[in-house]
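Following: one structure in structure tokens, then a few remarks.
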Amino acid sequence: MIVTLLPFIAFLGAILTSLTPSKNVKTLRGISLASTAICLAAVLYLFCTWDFSQSGFQHVRAWDFFAQAGIWYQTGLDGTNLVFCLLNGLVTFAGAWIAIRTTSRLKEYLFYYLLLTGCMFAVFTALNVFFLYVFYEMTLIPVFAMMGIAGIRAKKENAAIRVALYMTAGAVVGLFALLNLYDILGPGFLDLTQTQNILASKAALLTPETQKWLAALLILGFGVMTTLFPLHSWSPAFYSASPVSLAMVHAGVKVGPYILLRTAVSYLPEGFQFWSPWIAGLALAGILYGGFAALRQKNLRDLAAFSSISHMGTLFVAFAALNTASLSAGVLLVFAHGLMTACSFALIGVLEDRGQTDEINAFSGLGKSMPFFAVCFMLTAMASSGIPGFANFPGELMVFISAWKDFPWAVAAGILGVLLTAVYMIRAVQALCFGPYHFASAVSPQPGTHAELADITKFSEKIPFLILLISLIIFGIFPAILLRVIQPAIEALL
Amino acid sequence: MLNLCWIILGLPLAAAALISLLVIPFEKASKEKDFFRTLSAWISVLSISAAFILSVILFRQFQAAQGHYGTALEASLPWMNLAGIKMELGILLNPIALIMLLIVNGVAALVTIFSARYMQGEEGYSRYFAALSFFVFAMLGIVLANNLIQIFIFWELVGVASYLLIGFWFQKPSASLASKKAFLTTRVGDAGMMLGILLLFGILVQTGTGTFNFLELETKLHQNALPSGLLTWACIGLFLGAVGKSAQVPLHVWLPDAMEGPTPASALIHAATMVAAGVYMLARLFFLFEMSPVALQVIAWTGVATALIAATIAVVQNDIKKVLAYSTLSQLGYMVMAIGLHHPEAGMFHLVTHAFFKALLFLGAGSLIHALHTQDIWQMSATLNSQKNAGFKKLPITVITFLIGTAALAGIPFTSGFFSKEEILNAASHGPLAIFIASLVVVMLTAYYMGRVLTVVFFSSASKAHGKHPHDIHEDNALVTLPLIILAIFSIAAGYLPFQALLSDDSHAAHPPLWLAILSVSLAVFGLLASFVLYRNKTEDRHAAIFQVPVKIIQEKFYFDHFYDWFVSRIQGGLAIAADFFERKILVAFGTEGTAKLVTAVGSVVRKMQNGWIQTYGLFFVIGWIILISYLIGSGGNS
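Chain order of the listed sequences is V and R. Everything in the first sequence is counted per my numbering, starting at 10 for the first residue and increasing by one. Everything in the second sequence is counted per my numbering, starting at 11 for the first residue and increasing by one.
See below:
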């Protein structure tokens, strides 16, 4: 029951904010924090009480919606969704601490923030392809709304158009493939708990040729939102215009890989296999392209976006290898990358709060004036560049090892990508935190004379960073906690 | 015994965690900053000293249990286990690990004690001790590791710790650059190491089951013949890791710049941690490298090239720490060369003796720098020699221990360096002639550049009095001098310690022949004398006047840095420009922007609504979709 309620906790929070007068800032903030906290607590409870003796889905509940067509509102979790729910719980709770400090139209913003949180949970808990897709599409409402309310004015229209174009195109292509599958396999296709049974009984209906083309459509369609090269161009524009808490959730909690796992990988294994070399090739290109492009970026948001494109390349290497170890490690990688990316956007937000800019060269020597910020920034950079001790390292390492046999060149590119990450991250760390103190930006040109930028001092301001970084470290030192949840689910899926 | 190992590994980590998570926050909040700073130093000193004492106890237990060359004790905890790929965190205790435990903890303990005084008054005092303890922890992790993944993990952590220490004065631009350079250069090597590990694992998977565990690896290597071509590449990949951390040519460029860190941290980097890691790894995995003669040749030639190039550069340096830095490079080259020539025991022996005398020389240099407020040997000379024999009178302990360290480095008989260098030269004498000759030239050069420093700083009287007045110069307190004295004792005594029996299994190994000793000692004495003759009572460098062109090349350090600068700005920068250009001018301009402009043109009516159009658009967009899908699926279900 908890699983089913999970999205509705956030939806309830959203309704409560809409009922609260916008003057009651404290109440609004309280509702947002409380509802995301309850969601996180529920996920943690599910995680701690996880039954390892069972290999399939747990907590499955179903409600008739349109049974004739196979549309049940069915919820439940296996190891994969559980980890995605945990990621969503952590990131949305951390993001809530930043969302509550939105200055314009707070009430509306929080309403949409909670709506987004709920939709994300709904995507990860729904065990019916119909609802999976519908809730995914629904996330776009709050995304656009939040962009409209608090996006960076100069860039937001352009960014919104780009995202709308890319996402629509991707969704159309993906939907086309899903409808075809529905046509071929019948209503039973929608039930994600029955994937293996459906395939066992109706495998003959899926000819290799069909598998091949449907897999291609799904990979392209849902690759867009996972920034598969060369379909990534929406992301730098989008993340440089979106409000910080939206960027945290959107860039941090990646839906694309989850949908790919649930659809292309599980329903069309042979078709997916056919495209593996192509995926590996695009992954290789994406890793290097994102990495080298990141070297040229002068703004932190662009840097984070291109860095993310590069790292998603490593994820696609895991997809290409298509074995239990690589996909499990891929899920771990998405988890780690999500926490890390959310943390870096939150940190960028801190700088923008204080200096109204995210230009790298506007800041220098923050290690002295903003020690807490500098430490967090350095830790995030380390996590990103694959230093052991953070969850990104075991994820990448396992992807490399498990994909080496099939795609050594893509793995070699991945290793080069890690090296490039170290180069651009360390450059950013040096520029921002090292050297003598200095702040001067094109936006607010007040060089030198004014007071130093203030550090993160209040505990409430520190909370998001503590949550994200501590989680990264815990799962970096004990990755087995996650892997032993993920692995059985991936085994069942392959 | 293995429980002791876990404790030894855990102590410095606990110290680092305690200082950074508890002491530093309290220090920030409190007014009694000095109390918390002293507390940090105590935590660090006590934990590392305790680790050293436990290492000694461990050594005694090992001896009592009749441990010998082949003994290997193992314990491990699982880390990750995914679809048959097993990773663990473990301990493998064998004689070379045991010796390294003693060296690392011993030298680190002395360096920490020295630092407690040396770093006084620094704002980041506590931070320094946290980083230092973490550094020791990371190094101990390498020493004890029982598998390749673990060694790689700690390899990276050593890199992080060195980054923190070299960049300790992070507000100084040069320190900031140096720490970046060290981190990135060694990471290039690490990438090679990762590839090597993957290659090796891949080969093992092909011939049965893969493993990262050293002992299992050794058994497997003896059972199956592995494809030698791939194995060679795997070995070279792993060796690249050592090239990075042990600063071999061509990845040596970070080490001299690493002098930007506090001097005691340099002492630690150069003696017991970091640079020792590469040599240690080569010795620890010698059973693997042994399988590939080609890889061993690569190792030997890389080593000798490093030894020769670095010794040559050391000759023209005017900064005392830089001379020592290049000397470290050169000596590391010796060790690597010996391993490449099938004599890992000689390399390890030299690593041990070098740890003592190089730590001694660095701490001695630190003491000189503190007393004289300069790192430049000519300025040191000017200050120290304005009065006759001021060095010996004012800084007796520093000067005498520095002389002992120099003697050991130059390989003067009866010092520890003499014995280990003889082992190395003996190994070289059985190798290719070019290597042997080059290693003899290095003996001469080593004596020459150290003699040059000594002559200029201590044995000149030509300079005029300026700078600090001699009577201000004085020896620091016991926290500084005691480590110097202890290290000086070991710089001599390490040659007589019972390590060799543990480092190699053939007890009947031939001792270096007498002719070799005579040859090398005469070369060393010649080098010392030459420097004395050339630099006695001189106030400036003379090399440039004598040989112009070669000196220019050497002063530019054989243009390695120029090459890297060119590579980074042209090749790496060029690729970055290309990627960025492609993104902006092609993907965005034609792909998104083009379509977006079209859409905007069509939707210009909608645009007039401006505020809030994005939401409206999103809402319609999604609702439309939901209706469409419901309809399609609904009709599909009915059919």
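Just so it is clear, CB atoms sit at the ideal spot from N, CA and C, and this is done for glycine as well.
What does DSSP give as the partner residue(s) for residue i in the beta ladder?
{"i": "HIS447 (chain V)", "result": "V:SER373"}
{"i": "ARG436 (chain V)", "result": "According to DSSP, ARG436 (chain V) bridges with nothing at all."}
{"i": "TRP179 (chain R)", "result": "Per DSSP, none; premise fails for TRP179 (chain R)."}
{"i": "ASP386 (chain R)", "result": "R:ASP329"}
{"i": "TYR82 (chain V)", "result": "V:TRP72"}
{"i": "ALA135 (chain V)", "result": "V:THR84"}
{"i": "ASN308 (chain V)", "result": "V:GLU368"}
{"i": "LEU394 (chain R)", "result": "Note: LEU394 (chain R) sits in no beta bridge, so no partner."}
{"i": "LEU103 (chain R)", "result": "R:LEU83"}
Start and end of the alpha helix (DSSP H) containing residue i?
{"i": "HIS380 (chain R)", "result": "354-382"}
{"i": "PHE299 (chain R)", "result": "296-299"}
{"i": "VAL233 (chain V)", "result": "Neither: VAL233 (chain V) is in no alpha helix (DSSP H) and is coded neither H nor E."}
{"i": "SER426 (chain R)", "result": "426-439"}
{"i": "PRO16 (chain V)", "result": "11-28"}
{"i": "SER238 (chain R)", "result": "238-255"}
{"i": "TRP264 (chain R)", "result": "264-267"}
{"i": "ASN13 (chain R)", "result": "12-28"}
{"i": "GLN582 (chain R)", "result": "Here GLN582 (chain R) belongs to no alpha helix (DSSP H), and DSSP marks it neither H nor E."}
{"i": "ILE445 (chain R)", "result": "443-468"}
{"i": "LEU31 (chain R)", "result": "Premise fails: LEU31 (chain R) is in no alpha helix (DSSP H) and is neither H nor E."}
{"i": "PRO380 (chain V)", "result": "380-393"}
What are the boundary residues of the beta strand (DSSP E) that residue i is part of?
{"i": "PRO88 (chain R)", "result": "83-92"}
{"i": "HIS68 (chain V)", "result": "67-75"}
{"i": "LYS73 (chain R)", "result": "Strictly speaking, residue 73 (chain R) in this sequence is Gln, with Lys absent from that position. Per DSSP, GLN73 (chain R) belongs to no beta strand (DSSP E); it is in the alpha helix (DSSP H), 43-74."}
Pick helix, strand or coil for residue i, following the three-state DSSP scheme.
{"i": "PHE238 (chain V)", "result": "coil"}
{"i": "PRO488 (chain V)", "result": "coil"}
{"i": "GLY202 (chain R)", "result": "helix"}
{"i": "LYS403 (chain R)", "result": "helix"}
{"i": "GLU98 (chain R)", "result": "strand"}
{"i": "ASP367 (chain V)", "result": "coil"}
{"i": "ALA155 (chain R)", "result": "coil"}
{"i": "ASN223 (chain R)", "result": "strand"}
{"i": "ASP200 (chain V)", "result": "strand"}
{"i": "THR458 (chain V)", "result": "Low local confidence applies: a pLDDT of 49 at THR458 (chain V) is under 50, so the model's placement there is unreliable, with the coordinate-based value given in what follows. Coil at THR458 (chain V), not helix or strand."}
{"i": "LEU184 (chain V)", "result": "helix"}
{"i": "TRP59 (chain V)", "result": "coil"}
{"i": "ALA292 (chain V)", "result": "helix"}
{"i": "GLU166 (chain V)", "result": "helix"}
{"i": "PRO417 (chain V)", "result": "helix"}
{"i": "SER302 (chain R)", "result": "coil"}
{"i": "GLU405 (chain V)", "result": "helix"}
{"i": "THR111 (chain V)", "result": "coil"}
Quick one: measure Cβ to Cβ for residue i and residue j, integer angstroms, because I've assumed they're closer than 8 angstroms.
{"i": "ALA534 (chain R)", "j": "SER449 (chain R)", "result": "That pair is no contact at about 13 angstroms."}
{"i": "VAL170 (chain R)", "j": "ILE396 (chain V)", "result": "6 angstroms"}
{"i": "PHE238 (chain V)", "j": "LEU194 (chain V)", "result": "That pair is no contact at about 31 angstroms."}
{"i": "TYR122 (chain V)", "j": "SER41 (chain V)", "result": "7 angstroms"}
{"i": "ILE505 (chain V)", "j": "ALA103 (chain V)", "result": "Since the first residue shown for chain V is 10 and the last is 503, residue 505 (chain V) is missing from the structure and cannot be characterised."}
{"i": "LYS164 (chain V)", "j": "SER249 (chain V)", "result": "6 angstroms"}
{"i": "VAL121 (chain R)", "j": "PRO274 (chain R)", "result": "5 angstroms"}
Flag this pair as touching only if the segment 306-325 of chain V and the segment 349-364 of chain V have three or more C-beta atom pairs under 8 angstroms; answer yes or no.
-> yes
Segment contact flag, the segment 123-137 of chain V with the segment 80-95 of chain V, C-beta cutoff 8 angstroms, min 3 pairs | yes
May I ask you to verify whether the segment 42-57 of chain R touches the segment 480-496 of chain V, counting CB pairs closer than 8 angstroms and requiring at least 3?
-> no
Check whether the segment 486-505 of chain R touches the segment 561-571 of chain R, counting contact only when three or more Cβ pairs, one atom from each stretch, lie closer than 8 angstroms.
-> no
Stretch pair the segment 224-232 of chain R + the segment 172-192 of chain R: three plus CB contacts closer than 8 angstroms | no
Is it a yes or a no for the segment 307-324 of chain R touching the segment 340-349 of chain R, going by three-plus beta-carbon pairs under 8 angstroms?
-> yes
Meets three-Cβ-pair contact criterion under 8 angstroms: the segment 175-190 of chain R and the segment 129-143 of chain R | yes
Decide if the segment 98-110 of chain R is in contact with the segment 41-48 of chain R; the criterion is three or more beta carbon pairs, one per stretch, under 8 angstroms apart.
-> no
Contact between the segment 342-349 of chain V and the segment 413-420 of chain V (3+ Cβ pairs under 8 angstroms) = no
Between the segment 319-327 of chain R and the segment 293-311 of chain R, are three or more C-beta pairs nearer than 8 angstroms?
-> no
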